[in-house]
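Residue 1 is where the sequence shown starts when you use this note's numbering, and the numbers rise one by one after that.
Glycine residues also receive a C-beta, built at the ideal position from the N, C-alpha and C atoms.
Input: a single structure, listed below in structure tokens.
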Amino acid sequence: MSDTLPITEARAKFGSLVRRASHARERITITDHGQPAAVLINPQELADLEDALALARYRESQAARTGAAVPHDAVRARLGLERG
1 MSDTLPITEA RAKFGSLVRR ASHARERITI TDHGQPAAVL INPQELADLE
51 DALALARYRE SQAARTGAAV PHDAVRARLG LERG
């Protein structure tokens, strides 16, 4: 589940938002003037995303050495990182 809140509302609810991100594994987007400014996520989810990104970069570097390159958009899609 995810939620989006303006920064002024997030400031007032910061403690509960952190707990939701940490314990309920929610992604909470905080906006500034209607634009995404930050996202609260569980630390393990961040670690998982960083690991997936590192693996994708490694595979990309290996593919570049062998000439079997994978387009950036294809890597993002494989990792479920397509932008909506």
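Check                                                                                                                                       : Outcome
Cβ of Ile41 within 8 Å of Cβ of Ala21?                                                                                                      : yes
Identify the residues that DSSP records as bridge partners of Ile28: which are they?                                                        : Asp3 and Leu40
Assuming the contact rule is C-beta atoms closer than 8 Å, Val39 and Arg27 should be a hit. Round their C-beta distance to whole Å, please. : 6 Å
Measuring only the C-alpha atoms, how far is Lys13 from Ala63?                                                                              : 46 Å
Which value, in whole angstroms, describes the spacing of the CA atoms of Arg65 and Asp48?                                                  : 26 Å
Thinking just about the alpha-carbon of each residue, which of His23, Leu55 and Ala37 is nearest to the one in Thr95?                       : No statement about residue 95 is possible, as the shown extent of the chain runs from 1 to 84 and does not include it.
So Ala54 and Leu79 are supposed to be a Cβ contact under 8 Å. How far apart are they, rounded?                                              : Actually they are not in contact, since the Cβ atoms of Ala54 and Leu79 sit about 11 Å apart, beyond 8 Å.
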